[in-house]
Structures are given as structure tokens and as C-alpha cells.
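Chains as they are written, first to last, in our numbering: chain A, 1 to 392; chain C, 1001 to 1392. Just so it is clear, CB atoms sit at the ideal spot from N, CA and C, and this is done for glycine as well. Keep in mind it's a predicted model, so treat the numbers as computed, not measured.
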């Protein structure tokens, strides 16, 4: 299996873009990534597009082809991928396999979404329709998770609110973020209740946006104009769909993380910064535990101690995360890699995590009997930096 | 790159199945393929699902996960793929890469669709919406192609009608086909005009159905209970989106075919039978030319001479093709491989093509500036049969 590198990244501002089409958004992100990589469009040998909702919300299919055509990429294999919130990261996983397996040398990965939905509608993902009709839509589902985590581990509403506060501070430092506003714990707790204990500012928004990557083999990376960041692990897995006996974590996440650490020859103690799927505040706390950043039940402590804040030992969601940067579903998994590439290249501006060498991205999607349809974990390494442990 | 083999195939009857859900259809096909392969569900290491329209027509996403869960496949990477009519064959292409690249040993490929649409609706594929509003929907587009082929090469309405007649004869011998009825040239020509010169029986139907494959590495194939059929080439490409100066063929198809022949070390003269994308009668004639079964412009002659009929030198669409077997969009590309596997194993019943050793499947999808979003060509070989040329 060959090494694969990220050599170009780009994204649009996330937010409400009623004036821009999927093609407009996708084109902006692809052009930025291609320019960043210093490649010509006709050097790209494969295209992967992650999108979750265009067919449902815009009745549009074959999104990848229509975007890539706009930037001069054609006559190559193009694949459109849907894996709920993990659509973009699954597109990366498939593109990574194309390069790692020697099927091509250079591929482009696009994640794009216009996910602003009609008010009062709920998404019908997988076979969750019966559960959804019974009220088990995403906010309700994660509220149960939060309640159980509070009951079992003493996690507090304030700790969960701190996740939102922390991510809004980072988002305010990120010009691509949807929200540029700092919130207090009191404001998060006092915002309208969505599903107890989750308030409005405990939930990520619907967003429009796109993000893109150019990835390539080592040979090709050696002549790219940007700093090449190695994809040290790319893992995709699916839940077990057993009756979820433990509501405080996901076996699929623990499994994906364990596989990724083993492939990369690294552990959670090696991670310098991470982007995780903070669709709701409780999620980020649970991901700390699932990814091994702390033992089960101690996610709230990590927040209290400031470990995961900018300036902490292991900053999580320095981009602002889904909570502040926004969540254009199919784009989010790709945007995580864009952010981490910037971090590892020391190009993240005011939100730069100092001395970042190893970064981890985690995102998951879908609901199947309450379990996970797709969970991806990617580990990125800047091999030009000396190794050092930051969580000890 | 490792050799990859088809060791299990299964499909549902194609047709109108208002009583069956996507999950019902998918489950039937997967169970049949798993049983045919003699594998256990938990031996399968990756799942790929091709579906084009569930999000548009059923507002359902993550179809692969919901079907695979029903047959006991979980805790593995699952990827949902949309590439218009080539969704199923693109799913196969990605699964093939997973096995060929050494990422897994055994994968399942599902194509599934409920494509019965509300009357009077037209699909909005890619960026064709403006063209579609101007009447350039699929029947109109292919009618222009037919008119141009008639003008340039003297192809006749009768030759095109013969494609439908031929495929309905094969379909009547296929218990899985939607139509079990033999038609005359006169009946095809006298059926209601859809887009001149294409009549109702010159167009494939909308259908519900599913098809599935189990594919694997050589090591794994050696212990499968079925005859293993080698995937000698798997090629996916996209059109160039230039202004289509030549309406009588597709450059993407010629390119995909040339790549596939080179990879397989075979040529059109080696093909013993083929399944091609006969969405409209004219398509099959154009595919004869694009795949090199005859020189440009001579597709009509092949029909007149009976070369591509059952019993001819190179039977095309022995399953009945899309015209008679039906066209559940995301399933069609997978169903072609199911049929060709049966043919190469000598298990195709009354429609068996004698002494088949090498088979080719071609399907294409989408529309982008009148060009092709995705075209796949697969070449299958039964290596247990001695080589022989049948088109000379």
C-alpha cells in the first residue's frame, strides 16, 4: 500500500448562501484546492464527491460531475458518495484507496452541501423512519445520550455548555466559520430548549458550504508547491446495530479509532489537535472518550481542565467545529481535513495550535436502530516536524 | 494489483413491486448472492451499494447500511454510491478496487432501485435542468441520436425495432425479466410515438428490482462453492463535456472500451456475449459500434444479420436487456454482471449462449452538456474454459 499525501486544500465560507448553487460552492472549493496544490486540472486522475442531501433537498444527482466539469476536470472516473454526515470523509476514504492501491496518482475530493431545510422537517436517514415518527430524531437521540452520560458519570449541563463556548471562541477566530460570535455558558444554557438538556446553542446549525482536497502519491507530492501532509490512517466502519445497551458511547467509534491508531502506529497520546463530530455538545464529550483522549466518563473533566481548548494540551475543533463553523453535511468531513492540514502546515492564523505534528479527524453519520451507519477516523502527520508527545 | 473474482450472484425479478420496499428487494438479492457464494455474512469485509433515485423518489438515504444490516452484514465499511444509470456498476468498480488493492478479501455489491415515478415527471440529472426544460430529456436526446444515425448511416426504423424484438425474445426466456412477451417489428413500430423515431416499445420501462454480487480475491475464491468468474477489467470514466459534435456515438464509451480491452489483454473479437445499456433501441446499435463489435455506422447491419441475437456469433443482451428485463436504475449495472456470470457458468437456462468464455458489460449514465457522467465497462472471463474466438 502506497503512502498518500494531502497537497491541496480549499473551502468556502460556511453559512447561509441562498444565492449560491451546489455547483457554485463546489467550484469555489475545488478551485482553491487545485490552486493550493499547484496542479493543473487535467493532471487529476480521479474525482470523488461526498454529498448527503442534494437528491433529497434539491432533486439533483451526479453532483460531482457537474462541479468537476466547471473546474476543467473530465474524462476521468468520478464517483458520487453518500454516507450521511460521513459522506465527505467516505469520499476521502475511497479516494485514498485509489491512490494507496496504485489505481491513480492524483485525486480530488469534494464535499458539498446546501443543507438549509424547510422549517419543521426532519431528515429520514436509513431505516430510522419509524423511530423518527416516535420522536427519536437526532436532537432527541442525543438528548437521551446526554441524560445518560449525566446520570452515569455526573457530567453537567455546564460542562456541555462549555463545549459550545470553547468552539465558538475558535470559530470567532476562523474566517470560514458560520458563527463569529463568542457565547457565555449562561447564554448557551438560557437559549431555547430543543431537547432537554440540549438547548439551541448546544446544537450545530444547518449550513451551506463546500470543501475540497487534492491528494496524491509520494512521487507526485514531491513536486507539489504546498507542504505535503501524510494520511497516516484512513478508516471507515459501520455500527453493529445491536440493541444499544450503552447509550454513553459508540462501539463503531472505538473500533474505528483503534484501527486508525494501529495502522498509523500512533496512539491518542500522539495527537496534537483533532476535529471531531460535535453535532451536539454532548457528542464532543463522548468523542473524547471514544477516541481515547480520556477514560470513559471523564470527558467533562477534559473540558473543565481546558485540555481541549485552544492553548490546551490537545485542542479539539480548533476550526470552531460543527457548532460554530457550521455543518453543511456532505462537506463537514472534508472541511475537517482542510482545517487539520492548515494546522499541520502552521497556516491556521489566529487559531493556530502550536507545534502540531499529528492530527486526527473523526466524523460519523446516519442512524440505524440507533447505531452508526458510517464512522471514519483519519490521522494526518506532518513528517517534516520532529515527533513529540503533547498529552502526558 | 490482485485478481478479483465473482463468486456469488443473485437478483430479484425485475418489474413493478409496489408491495416491496428497497430493503425487501435488496435483502432478497443479497441473500441469493451470499447463498450462491457459500459464504457467511460475517465473512464479508466491505459493502458497496449502488442506488440512483432513493433520495429523490423515496427521500431515503444510507440504503446500503439498511439492506446489509437485514442480512447480517455489519461492523464493516459500507459505501453508498450514486452515478446515475451507472450507479450499480460504479459500486462494483469501487468494490473491485477494494479487493484488487488488497484492502479486503471479500466484498458485497448491491444495486437496488424502486424507480417507478409519478406520471409526467422527468428526472433532473446533473446540470441538465435547463436542457430538460427545453425538452432535451432522455427520450428526446436519444431520438436526436437516432435521427442522426439514420441520416448519416442509413440506419432504419426497422433495424432499431429489431433490437426491441430481439431483446423481448431473450426476455421471454428469462424468468427475472419484467416483460415476458414477444413483440413483432410491426408492433414496435405501431406502438405510441414517444419521441420520433422512438416509439413506446423502443424505450425501456421504469422498474423496481435489485441485484447483488459477492466478489473476492483468488485465495478466497478457491474455497467458494460456485464457479469463480474473473473480473479481467473494470473501467469507469466520464465524458469530456465538449460540445458534442458527433451525435452518433460517445467518446467516453470508446475510451472505456479501449481501456478495458487493454487491461484484459483482449479485444472485441474475443467477446462471446455482452450486456449493454439498451435504454432505447438506438443505444444498443450505437454501443455495437462504440465497443468495437462492428465499424462505425454498421450497427444496423449487425442486427440485420442476426449476429447479436441468441444463436448469433455475439449475442448481446441475452438477459433481455433494459428493454425487456427492465431498468431499476441503480440495479441494472449489477444485474448485467449477474446475467453474464450465469452465462459464463453455463447456468442461463433457455437463454444460454453456448461456449461462453469471455463476456462484456457496458452501462452509462447521466447527462452533462449532453455528454456522459459515468460509463463503465467490465470484462469477465471464465478461466476454466479454453480460449476461442467467436467473432471472425
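- [ ] Helix, strand or coil for residue 1185 of chain C, going by three-state DSSP, please let me know.
- [x] Helix at residue 1185 of chain C.
TODO: Would you tell me roughly how many angstroms separate the C-alpha atoms of residue 207 of chain A and residue 376 of chain A, rounded to the nearest one?
DONE: 21 Å
Task: Cβ shell of residue 385 of chain A (< 6 Å), same chain only, five flanking positions each side left out - done: 357
Task: Counterpart residues of residue 1112 of chain C in DSSP-defined beta bridges - done: C/1210
Open item on the list: Please confirm whether residue 1085 of chain C has its beta-carbon closer than 8 Å to some beta-carbon of chain A.
Closed with: no
Task: Length of the line joining the Cα atoms of residue 271 of chain A and residue 314 of chain A - done: 7 Å
TODO: Report the neighbours of residue 52 of chain A on chain C: residues whose CB is nearer than 7 Å to its CB, in chain order.
DONE: 1061
Open item on the list: Please list, in chain order, the chain C residues whose beta carbon lies closer than 8 Å to that of residue 294 of chain A.
Closed with: The premise fails here: residue 294 of chain A is roughly 25 Å from chain C at the closest Cβ pair, so nothing lies under 8 Å.
- [ ] Determine whether the Cβ of residue 1098 of chain C lies closer than 8 Å to any Cβ atom of chain A.
- [x] yes
TODO: Quick one: using the 10 Å Cβ neighbour count with 16 as the cut-off for buried, is residue 166 of chain A buried or exposed?
DONE: buried
TODO: Output yes if chain C places a C-beta closer than 8 Å to the C-beta of residue 75 of chain A; else output no.
DONE: yes
TODO: Answer yes or no: does any C-beta atom of chain A fall closer than 8 Å to that of residue 1250 of chain C?
DONE: no
- [ ] Report yes or no: is there a C-beta of chain C within less than 8 Å of the C-beta of residue 241 of chain A?
- [x] yes
Open item on the list: Would residue 1323 of chain C and residue 1093 of chain C be called neighbours here (beta carbons separated by less than 8 Å)?
Closed with: no
Open item on the list: So, at 8 Å on beta carbons, what are the nonlocal neighbours of residue 219 of chain A in its own chain, with the 5 sequence-adjacent residues on each side left out?
Closed with: 105
Task: Residues sharing a beta bridge with residue 1043 of chain C, DSSP - done: Answer is none; residue 1043 of chain C lacks a bridge partner.
Open item on the list: residue 1142 of chain C and residue 1198 of chain C - do their beta-carbons sit closer together than 8 Å?
Closed with: yes
Open item on the list: Please tell me whether residue 1056 of chain C has its Cβ less than 8 Å away from any Cβ of chain A.
Closed with: yes
Task: residue 105 of chain A in three-state terms, based on DSSP - done: coil
TODO: Given a cut-off of 8 Å, decide if residue 1378 of chain C and residue 1089 of chain C are closer than it, judged by their beta-carbon atoms.
DONE: Against a cut-off of 8 Å, the Cβ pair of residue 1378 of chain C and residue 1089 of chain C comes out as a contact.
Open item on the list: Assuming residue 1009 of chain C is part of the beta strand (DSSP E), what are its boundary residues?
Closed with: Where residue 1009 of chain C is concerned, the enclosing beta strand (DSSP E) starts and stops at 1004-1011.
Task: Inter-residue spacing [alpha-carbon to alpha-carbon] between residue 162 of chain A and residue 303 of chain A - done: 7 Å
Task: Nearest residue (CA-CA) to residue 1158 of chain C, options C/1134, C/1176, C/1190 and C/1181 - done: C/1190
- [ ] Would you mind sorting residue 253 of chain A into buried or exposed? The rule is 16 or more other CB atoms within 10 Å of its CB.
- [x] buried
TODO: Would you tell me roughly how many angstroms separate the C-alpha atoms of residue 258 of chain A and residue 236 of chain A, rounded to the nearest one?
DONE: Cα-Cα distance, rounded: 12 Å.
TODO: Would you mind telling me which residues of chain C sit closer than 9 Å to residue 103 of chain A, beta carbon to beta carbon, in chain order?
DONE: 1001, 1097, 1100 and 1101
Open item on the list: Please tell me whether residue 1391 of chain C has its Cβ less than 8 Å away from any Cβ of chain A.
Closed with: Note that residue 1391 of chain C has pLDDT 46, beneath the 50 cutoff, so the model's placement of it is unreliable and the number below is only indicative. So, not an interface residue.
Open item on the list: Suppose you measure from the CA of residue 372 of chain A to the CA of residue 1077 of chain C; what does that come to, to the nearest Å?
Closed with: 11 Å
Task: Residues bridged to residue 364 of chain A [DSSP beta-bridge criterion] - done: A/375
- [ ] Determine which residues share a DSSP beta bridge with residue 48 of chain A and list them.
- [x] Looking at the DSSP assignment, residue 48 of chain A forms a beta bridge with A/79 and A/109.
Task: Continuous beta strand (DSSP E) stretch holding residue 236 of chain A: start and end - done: 229-237
Task: Close Cβ partners of residue 1045 of chain C (< 7 Å) along its chain, the five nearest in sequence each way excluded - done: 1076, 1104, 1105, 1106 and 1107
- [ ] Would you verify that the beta carbon of residue 1366 of chain C is, or is not, closer than 8 Å to some beta carbon of chain A?
- [x] Answer yes: the Cβ-Cβ gap between residue 1366 of chain C and chain A drops below 8 Å somewhere.
TODO: Counting only the same chain and skipping the five closest in sequence on each side, list residues whose C-beta sits under 8 Å from that of residue 196 of chain A.
DONE: 143 and 147
Task: Neighbourhood of residue 407 of chain A by C-beta, 7 Å cutoff - its chain only, sequence neighbours within 5 removed - done: Residue 407 of chain A falls outside the range modelled here, since chain A spans only 1 to 392, and no answer is possible.
Open item on the list: Tell me the rounded alpha-carbon separation between residue 1288 of chain C and residue 1229 of chain C.
Closed with: 24 Å
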